[in-house]
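In the working numbering, the protein residues as written are 8 to 239.
Right under this line is the structure:
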């Protein structure tokens, strides 16, 4: 086995065993910067019906099935299902809501190269590197999620159960009342497909209200800070 093939095999084995790896992982960084290694990884994955999944806006990479093996493995029933993780429908609905509330604003901030605390009209923002997920990814409040969407998503018992499922699959991270972006939330859900449906669909009004409230809160915080700095 050549050195290149050995490196590709080690990276794939690690991805299969851990399900995802951070882009900062030494082997992942090398694969993303070394064309020959990346081609070797893709070729080896294709031999077993898998493909590499990543995007520049996400902090992790993962693997998924190629379209042709997907059909053979899942069958017609699996392809027509709303997911292949055995998530119940209300868990899928919760996943879409969480994705919309976290990934959409995060992607907007990353695309404009704007950190949350940076001035809105900062010059040369487009020439800056992408802000990290940690610095721009919104944190959701469990209490607010329950209050705003509990009735539609099965109330507290179902919401708690489904949040545990999403956490188990790597879509979210929990820290007491905080719900944060998990390693697979911005990787396995296709932004180009999902974003237009959400922005132009049922959640458009909800997102507009969320953004308006966020702006009100930001303006109030700015005003409060200015008042405290005004000399007597």
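Ideal Cβ positions, reconstructed from N, Cα and C, are used throughout, including at glycine.
> Would you call the CB atoms of residue 28 and residue 52 closer than 8 Å?
Replying inline: no
> Name the DSSP beta bridge partners of residue 181, please?
Replying inline: 186
> Who pairs with residue 9 in a beta bridge, going by DSSP?
Replying inline: Answer is none; residue 9 lacks a bridge partner.
> Under a Cβ-count criterion, where at least 16 other Cβ atoms within 10 Å of its own Cβ denotes burial, should residue 113 be classed as buried or exposed?
Replying inline: Residue 113 should be labelled buried.
> Under the rule that 16 or more other beta-carbon atoms within 10 Å means buried, what is residue 148, buried or exposed?
Replying inline: exposed
> For residue 30, which three-state DSSP category applies?
Replying inline: coil
> Among all the DSSP beta bridges, which residues are the ones paired with residue 119?
Replying inline: Residue 119 is not bridged to any residue.
> If you draw a straight line from the alpha carbon of residue 34 to that of residue 161, how long is it in whole angstroms?
Replying inline: 42 Å
> Helix, strand or coil: how does DSSP classify residue 153 here?
Replying inline: helix
>> So, with DSSP's three-state summary, where would you put residue 196?
In response: coil
> With a cut-off of 8 Å, do at least 3 Cβ pairs link the region 38–54 to the region 172–191?
Replying inline: Contact between the region 38–54 and the region 172–191 is not established, with fewer than three Cβ pairs separated by less than 8 Å.
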